[in-house]
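1 is the number of the first residue of the sequence shown in full-length UniProt numbering; add one for each residue after it. Report on the structure given below.
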Amino acid sequence: MTDHPAHRDTPDTAPTDTPAAHHSDDAEARAFRELLRGLRVWDTELPSFDPETAPAEPLPLFRQWLREAAEAGVPEPHTMTLATADAAGDPNLRTLMLHDADERGWHFASHRGSRKGRELDARPRAALGFYWAAVGRQVRVRGPVTAAGPEESAADLHRRSTGALAAALVGRQSEVLGSVGELARASDAAWERARREPEAPVPSWTLYVLHPEEVEFFQGDAQRRHVRVNYRREGGGWVRELLWP
Ligand SMILES: Cc1cc2nc3c(=O)[nH]c(=O)nc-3n(C[C@H](O)[C@H](O)[C@H](O)COP(=O)(O)O)c2cc1C
Numbered sequence: 001m002t003d004h005p006a007h008r009d010t011p012d013t014a015p016t017d018t019p020a021a022h023h024s025d026d027a028e029a030r031a032f033r034e035l036l037r038g039l040r041v042w043d044t045e046l047p048s049f050d051p052e053t054a055p056a057e058p059l060p061l062f063r064q065w066l067r068e069a070a071e072a073g074v075p076e077p078h079t080m081t082l083a084t085a086d087a088a089g090d091p092n093l094r095t096l097m098l099h100d101a102d103e104r105g106w107h108f109a110s111h112r113g114s115r116k117g118r119e120l121d122a123r124p125r126a127a128l129g130f131y132w133a134a135v136g137r138q139v140r141v142r143g144p145v146t147a148a149g150p151e152e153s154a155a156d157l158h159r160r161s162t163g164a165l166a167a168a169l170v171g172r173q174s175e176v177l178g179s180v181g182e183l184a185r186a187s188d189a190a191w192e193r194a195r196r197e198p199e200a201p202v203p204s205w206t207l208y209v210l211h212p213e214e215v216e217f218f219q220g221d222a223q224r225r226h227v228r229v230n231y232r233r234e235g236g237g238w239v240r241e242l243l244w245p
């Protein structure tokens, strides 16, 4: 399917007389653009998604899609992009692990003092993005975020692996690091403590729950007749609607 026109991006029509064009005209830049144009998406048989079969609420569909992504061999389907904004409204994002998705919302954890933690304190709203290439599916979740209390946060951390505890014990996330040696020393000490004290407290480690106000499911289609089903909270329930792709 590599030659399928539906999968090929239109060539750039880059201007030739600007400094930017000059700069990007060397062989390396050309090779890079060729590489990008040669890459394909969804070079595989995609599942179909009939929106008529979508449930009344997004949670069961999200759980089903994550399970199907895992079964289809998508690596790390429980990793996601978390987007936040700082106090001035500037956006930011990073990859995180999904810890759970239930009636309360989508759960993730991090340090309260990290950049994302400070952003969530200033502006407690966020968006999550999942992309599962092997099945051509994307899910977006948006809404307000609350921080769980210290007990629930600690319980969530201590249910996880020794490595997760060691990483949390290192702390100082998003601060400037002086050298890799400094990190190696802090990490060795954290691993040693995590093995010795599996319940070691990490006060800054916080479980967050994003309460969904909107959840969108996107099923890619080889002919680009992608299916988008958007759930919006309205009143006490969910409105489900199709979106143009
Ligand atoms: C696959 C993957 C999973 C990650 N999971 C987490 C996580 O669950 N919690 C976390 O704090 N950082 C996680 N990180 C690191 C974050 O992407 C990010 O570098 C870190 O949280 C600092 O972000 P910030 O400076 O915006 O606060 C993960 C990174 C990757 C690549």
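Even for Gly, the Cβ is constructed at its ideal location relative to N, Cα and C. Please read these numbers as outputs of a predicted model, since none were measured by experiment.
For residue i, collect the residues of the same chain with a Cβ closer than 8 Å to its Cβ; drop the 5 residues on either side in sequence, then sort them by chain order.
i: Leu243; result: Glu216, Arg228, Val229 and Asn230
Output needed for residue i: all residues of its chain with C-beta closer than 7 Å, excluding positions within five of it in sequence on either side, in chain order.
i: Leu177; result: Leu183
i: Leu169; result: Ala190, Arg193, Ala194, Ala200 and Val202
List the DSSP bridge partners of residue i.
i: Arg228; result: Phe218 and Leu243
i: Gln138; result: Tyr131 and Phe218
i: Ala83; result: Leu93 and Ala127
i: His111; result: Trp205
i: Thr146; result: Val209
i: Glu234; result: Gly237
i: Ala101; result: Trp106
Whose CA, out of the options, lies closest to the CA of residue i?
i: Glu214; options: Glu234, Leu207, Arg224 and Ala200; result: Glu234
i: Pro201; options: Glu241, Arg159 and Ala31; result: Arg159
i: Glu71; options: Val139, Gly89, Trp132 and Gln223; result: Trp132
i: Leu59; options: Ala164, Ala154, Ser174 and Arg140; result: Arg140
i: Gly149; options: Glu28, Val74, Ala109 and Thr44; result: Ala109
i: Asp188; options: Glu68, Ala167, Arg172 and Gly136; result: Ala167
i: Gly163; options: Gly181, Ser179, Val180 and Glu197; result: Glu197
i: Asp90; options: His107, Arg125 and Glu68; result: Arg125
i: Arg94; options: Ala85, Arg40, Ala56 and Gly73; result: Ala85
Could you check whether the Cβ of residue i sits closer than 8 Å to any heavy atom belonging to ligand 1?
i: Ala69; result: no
i: Ser174; result: yes
i: Gly236; result: no
i: Gly117; result: yes
i: Pro179; result: In the sequence under discussion, the amino acid at residue 179 is Ser, which differs from the Pro named in the question. Outside the cutoff, so no.
i: Arg123; result: no
i: Leu96; result: yes
i: Ala109; result: yes
i: Thr79; result: yes
i: Ser114; result: yes
Assuming residue i contacts residue j under a Cβ cut-off of 8 Å, what Cβ separation, rounded to an integer in Å, is found between them?
i: His78; j: Ser204; result: So it is not a contact: roughly 23 Å between Cβ atoms.
i: Met97; j: Gly129; result: Not confirmed; about 14 Å, so no contact.
i: Ala88; j: Ala127; result: About 17 Å separates the two Cβ atoms, so there is no contact after all.
i: Gln64; j: Arg137; result: Not really, about 11 Å apart at Cβ, beyond 8 Å.
Going along the chain, which residues of its own chain have a beta-carbon closer than 6 Å to the beta-carbon of residue i, five neighbours each way excluded?
i: Arg225; result: none
i: His4; result: Residue placement at His4 cannot be trusted, given a pLDDT of 39 that sits under 50; the coordinates are not used to answer.
i: Ala147; result: Thr206 and Tyr208
i: Gly143; result: Leu210, His211, Pro212 and Glu213
i: Met1; result: Note that Met1 scores 36 on pLDDT, short of 50, meaning its location in the model is unreliable and no value can be drawn from it.
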